[in-house]
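Report on the structure given below.
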Amino acid sequence: MSLRVDYKNLEYFGLDGGGSEILYYEGKPFTGIGIEYYKSGALLTEFEYQNGYLEGLQRGYHENGQINEEYLLKNNIVVPGTFKEFDQEGNLLGSF
């Protein structure tokens, strides 16, 4: 099971030479899932990180709990064919 950490507890380390954001947790590059919440307390995002970089499954949620969008990142680029967008009822609106 991956470590899940609220974004409030992650440290912005800076940008690498290619302009990619690097996040740290407890003094080390973060590997796990960064989570963010709406003011209501509902889950807003779940983003996977590897060694401080966004890498893997990325998900955003509507405030009602339904998935808003999801996609895979590899080397900070959306993997073709993995992006999906959903309406508030969970119906697929489109993908690419």
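The sequence shown lines up with residues 1 to 96 when you count with my numbering. Backbone N, C-alpha and C fix where the C-beta goes; we use that ideal spot for every residue, glycine too.
Three-way DSSP call (helix, strand, coil) for residue i in this model
{"i": "TYR38", "result": "coil"}
{"i": "ASN68", "result": "strand"}
Residues of its chain near residue i, where Cβ-Cβ distance is below 7 Å and the 5 sequence neighbours each way are ignored
{"i": "TYR49", "result": "LEU23, PHE30, THR31, GLY32, GLY34, GLU55"}
{"i": "TYR53", "result": "SER20, ILE22, ASN76"}
{"i": "ASN64", "result": "GLN88"}
Exposure of residue i, with buried meaning 16 or more beta-carbon neighbours within 10 Å
{"i": "TYR98", "result": "Residue 98 lies beyond the residue range present for the chain, which begins at 1 and ends at 96; the question has no answer from this structure."}
{"i": "GLN58", "result": "buried"}
{"i": "PHE121", "result": "Because the chain here runs from 1 to 96, residue 121 falls outside it and cannot be looked at."}
{"i": "ASN68", "result": "buried"}
Other residues of its chain near residue i: CB distance less than 8 Å, five sequence neighbours each side excluded
{"i": "LEU10", "result": "LEU23, TYR24, TYR25, PHE30, GLY34"}
{"i": "MET1", "result": "none"}
{"i": "VAL5", "result": "TYR25, PHE30, GLY32, ILE33, GLY34, ILE35"}
{"i": "LEU93", "result": "GLU85, PHE86, ASP87"}
For residue i, the first and last residue of its enclosing beta strand (DSSP E)
{"i": "LEU15", "result": "11-15"}
{"i": "THR31", "result": "Note, THR31: premise wrong, no beta strand (DSSP E); not H, not E."}
{"i": "GLU26", "result": "GLU26 -> no beta strand (DSSP E), and no H or E assigned at all."}
{"i": "LYS8", "result": "Looking at the DSSP string, LYS8 is not in any beta strand (DSSP E), and its letter there is neither H nor E."}
{"i": "GLY56", "result": "53-61"}
Cβ neighbours of residue i in the same chain (closer than 6 Å, five flanking residues each side left out)
{"i": "THR45", "result": "GLU36, GLY60"}
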